[in-house]
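Chains as they are written, first to last, in this note's numbering: chain A, 60 to 174; chain B, -2 to 225. I have placed the structure first, in the form of structure tokens, so that the comments after it can refer back to it.
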Amino acid sequence: MKNELTVFLLVFAVLLPGIGLAASAEDNYKTYCWQCHGMQGNGMGVNVRDMSVQPRDHTSAKAMRSRSDDDLFKVIKHGGLAIDKSVLMPPWDATFTDQEIHELVAYLRELCRCR
Amino acid sequence: MRATISLLLLFLSASSWADTGEQLLQQRCASCHDLQGPAASTLEDLWQRKGPDLFYAGVKYRPQWLRQWLQKPRRIRPAGYLYFQHIKPGEKHDVIDASTLSEHMALSADEARKVTEALMTRKAAPVQVKGDEFGGGSISITFGEMVFDKFNGCMACHEIEPGYGGLSGPEVYTAAKRMQSAYLVSFIRDPQAWNPKTPMPNKHTSELNIQKIVRYFHALAKENWDEK
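Here you go:
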């Protein structure tokens, strides 16, 4: 019994710092994507005034439904050019882990309410 | 009575006069700027920072610019430090929420000199910066703009002249005036090495284009923006 408790506490102590390290998809979206895609994810960020290509409206089920999860993963990781889209959509491979990008893809699916 | 007041005033001014640059930094700047390092490694940490990190100021800034700016500071980041804390939804698109932005404190000429000296001793750069990173040379503003905007998409977040360009990042038309060329090259090459959680992406710009962009910054910095 005592041993089990020790094991439990040890596991907890090991996991706890990890919880603080991984940022949630929502926080990542706010920090990195709002600037162009907007606070509401509608493609109307603070930067759009002088942009020659408009950022994708992530709340549009119509536009987002045609993209597979793999497509979304690829464009976030490697940027617009990787899928023959605008250079204005940056690559984020130096910013996120693959795990964080997968979570962002899931978050985009929540925004568009589309699968 | 009057004598006491003037004595008191003399004492007060003398005490701030006697402060070293390091003391001024600790007393008046440390509440908003990290003077020690390291940079934020989590978003929670980043979000708490109230101003840009200064712990590698000695390899980032030009001392002449620091001295002048500290006496007469003007905004560098249109949407403030950490843009996402200073915006609100607007009619067509998100806009800057000016009510959340405040003016930067100004120093006297004497304080600015001392603080600049203290800042320039801070060289704890997270990255080795070689003095000869920037090869020099010149470029026309027209071609430079093509490299910066069309080929690399940097203008989405940076203004290339007052009122033109993106708002989430610092203005770049004064970049070469503010910062050392070697730092500019190094930061563009690997922004995350300087600030792991920076909102600026690594665009994997080629070494050739990085050189062209820094030449472009120098061309822009020659214009007199205050008069325009």
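In this text, a Cβ means the ideal position worked out from N, Cα and C, and glycines have one as well.
| Query | Result |
| --- | --- |
| Determine the closest residue to B/Leu32 out of B/Ser38, B/Gln24, B/Thr39, with distance taken between C-alpha atoms. | B/Gln24 |
| For B/Gly162, list the residues DSSP reports as bridge partners. | B/Glu156 |
| So, helix, strand or coil for A/Met123, using DSSP? | helix |
| DSSP three-state label for B/Ala102, please. | In the sequence as presented, Ala is not what sits at residue 102 of chain B; that position holds Met. In the structure shown, B/Met102 sits in coil (DSSP, three-state: anything other than H, G, I, E or B). |
| Name the chain A residues whose beta carbon is nearer than 7 Å to that of B/Phe81? | Lys89, Thr90, Trp93 |
| Could you list the residues in the region 75 to 104 of chain B with a C-beta less than 7 Å from some C-beta on chain A, going in chain order? | Ala76, Tyr80, Phe81, Ile84, Pro86, Lys89, His90, Asp91, Val92, Ile93 |
| If you measure beta-carbon to beta-carbon, which residues of the region 195 to 209 of chain B are closer than 7 Å to chain A? | Pro196, Pro198, Asn199, Lys200, His201 |
| For A/Ile160, which residues from the same chain have a beta carbon less than 8 Å from its beta carbon, with the 5 sequence-adjacent residues on both sides left out? | Phe132, Ile135, Lys136, Trp151 |
| Give me the Cβ distance between B/Asp91 and A/Gly97, rounded to the nearest whole Å; I'm assuming they're in contact under 8 Å. | 5 Å |
| List, in chain order, every chain A residue whose beta-carbon is nearer than 8 Å to that of B/Asn149. | Val146 |
| B/Thr171 lies in the alpha helix (DSSP H); which residues open and close that run? | Unbroken run through B/Thr171: none, as it is neither H nor E. |
| Who are the neighbours of A/Gly97 on chain B, taking C-beta pairs under 7 Å? | His90, Asp91 |
| Establish whether the CB of A/His161 and some CB of chain B are separated by less than 8 Å. | no |
| Take every Cβ of the region 105 to 115 of chain B, pair it with every Cβ of the region 160 to 170 of chain B, and state whether three or more of those distances are shorter than 8 Å. | no |
| Which residue wins for smallest C-alpha separation from A/Asn87, given the options B/Thr202, B/Asp223, B/Phe81? | B/Phe81 |
| Counting beta carbon pairs with one atom in the region 64 to 81 of chain B and one in the region 94 to 105 of chain B, are three or more of them shorter than 8 Å? | yes |
| Cβ closer than 9 Å: which chain A residues qualify as neighbours of B/Gln189? | Ala153, Thr154 |
| Tell me the residue span of the alpha helix (DSSP H) that contains B/Tyr53. | Run containing B/Tyr53: none; DSSP gives neither H nor E here. |
| Apply the 10 Å Cβ neighbour rule to A/Asp157 and answer buried if 16 or more other Cβ atoms are within range, or exposed otherwise. | exposed |
| Check the DSSP bridge columns for B/Tyr80 and list the partner residues they point to. | Paired residues: none, contrary to the question. |
| Roughly how many angstroms lie between the CA atoms of B/Met197 and B/Ala106, to the nearest whole one? | 33 Å |
| What does A/Tyr91 pair with, by DSSP beta-bridge criteria? | BP columns for A/Tyr91 are empty, so no partner. |
| Taking the CB atoms as reference points, tell me whether A/Leu167 and A/Met110 lie closer together than 8 Å. | no |
| If B/Glu142 and B/Val182 are in contact, beta carbons under 8 Å, what's the gap, nearest whole angstrom? | Not quite, the Cβ-Cβ distance comes to about 19 Å (not below 8 Å), so this is no contact. |
| Please classify B/Lys47 as buried or exposed, where buried requires at least 16 other C-beta atoms within 10 Å of its C-beta. | exposed |
| For A/Gln94, count neighbouring Cβ atoms within 10 angstroms of its own Cβ and tell me buried if that reaches 16, exposed if not. | buried |
| What does a CB cutoff of less than 8 Å around A/Ala120 pick up in its chain, not counting 5 residues either side in sequence? | Cys171, Arg172, Cys173 |
| How is the alpha helix (DSSP H) around B/Glu41 delimited, first residue to last? | 40 to 45 |
| Taking only the alpha-carbon atoms, compute the straight-line gap between B/Glu204 and B/Thr139 and give it to the nearest angstrom. | 20 Å |
| Would you say A/Pro76 lies against chain B (beta-carbon separation less than 8 Å)? | Residue placement at A/Pro76 cannot be trusted, given a pLDDT of 39 that sits under 50; the coordinates are not used to answer. |
| Are B/Ile210 and B/Arg186 close, meaning C-beta to C-beta below 8 Å? | no |
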